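Structure first, commentary second.
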Amino acid sequence: MNEIIKNIETAQLKETVPEFHVGDTVRVSAKIREGNRVRTQVFEGTVIKRQNGGVRETFTVRKNSNGIGVEKTWPLHSPSVENIEVVRRGKVRRAKLYYLRDRVGKAAKVKELVR
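Here the UniProt record's numbering is used: the first residue of the sequence shown is 1, the next is one more, and so on.
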């Protein structure tokens with residue numbers, strides 16, 4: 001890759017990124033722009049995937065809202081993502097939890113990792 005692009009991308013990286021894995025339940029605080037106002041919206045759910053690496057790394061969080069599954073994907077190093085807080089650790093054996101899309105109720109839960 002070009003050196004100029006590498007330098008620009010490393011300048012965009014966040015200094016501190018919380019450690020979280022697939023299966024963890026996280027609370028993501030994201031900036032939402034409505035007209036000329038900016039507010040913070042919290043989205044809490046299970047991380048179903050993390051992909052890529054470096055400045056292009058993204059993660060997807062899934063939650064059930066009134067019986068409807070909602071998924072959101074954010075770039076990890078985006079300035080619109082203010083804070084990522086790990087609520088609980090999940091015990092999973094896969095890198096991508098796409099099978100949770102087909103599950104409902106208790107079957108859609110991920111066991112908690114006890115350390």
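Every residue gets a Cβ at the ideal spot worked out from N, C-alpha and C, and that includes glycine.
Note that this is a predicted model, so its numbers are computed, not measured.
Here residue 92 is buried. Its C-beta has 16 or more other C-beta atoms within 10 Å. DSSP links residue 60 through a beta bridge to 49 and 73.
Taking C-beta atoms under 8 angstroms as the contact rule, residue 85 and residue 40 fail to qualify, at a distance of about 12 angstroms.
In the three-state DSSP reduction, residue 88 falls in the strand class (E or B). Its Cα nearest to that of residue 47, the residue 108 stands out among 114, 108 and 115. As DSSP reads the structure, residue 20 sits in no beta bridge. The residue among 52, 72, 55 and 53 with its C-alpha nearest the C-alpha of residue 61 is 72.
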